[in-house]
Each structure stands twice: as C-alpha cells, then as structure tokens.
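So that you can map any letter, position 72 of the sequence shown is 71 in numbering that gives the first Met the number 0, and since no number is skipped, the others follow by simple counting.
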Amino acid sequence: MKSYSLKSLGNKNDYMTILRETDEGYVIRIVRDLDGYDDVQTDFLSKELFDCCIRTGYLTEIKEEMKIAVNA
0 MKSYSLKSLG
10 NKNDYMTILR
20 ETDEGYVIRI
30 VRDLDGYDDV
40 QTDFLSKELF
50 DCCIRTGYLT
60 EIKEEMKIAV
70 NA
C-alpha cells in the first residue's frame, strides 16, 4: 500500500493510504491530525482526481524510509 502526504496549512502531518484499487479509482484512508487526535476517514478517489492531485503537488508519495521514521 502506498501512502501520500497531503499538502495542508501549517505544520500538519496529514496523510492518505491507498487501501484498494478499482477500475474507476482508489479506496483510500485519510488520517488528519486534529489538535492531538487522529481523524480517520475511508473514502473513494477517482483515478482522474488522484492524477490531478499528484500533478499539482497536493499529494506527495511518502517513501519507505520516511514511513519507518514516522512510525518509530
């Protein structure tokens, strides 16, 4: 499963993980840090919107080394 950092205001560590791929898009889990607690949502993202978010820099892939550091 690939994870992506979400571009956000301030110094937040919001991220998204692709749980499953379908013909139309992706089932994703979004984790947002809201004043010390995690807000977790599961949603659907079309392939077209996903590609647009990558192109514009709203989503940035989190490399494996960064995942280990964040989870440590």
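Idealized CB from N, CA, C, for every residue including glycine. Note that this is a predicted model, so its numbers are computed, not measured.
C-alpha of Tyr-57 to C-alpha of Met-0: approximately 19 angstroms in a straight line. Residue state for Thr-41 is assigned as strand, using DSSP reduced to three classes. The beta carbon of Cys-52 sits closer than 6 angstroms to the beta carbons of Leu-58 from its chain, once the five residues preceding and following it are set aside; these are given in chain order.
When C-alpha distances from Thr-21 are compared across Glu-60, Asp-42 and Tyr-14, the shortest belongs to Asp-42. When DSSP states are grouped into helix, strand and coil, Thr-16 belongs to the strand group.
With contacts defined as CB atoms closer than 8 angstroms, Asp-13 and Asp-32 qualify as a contacting pair.
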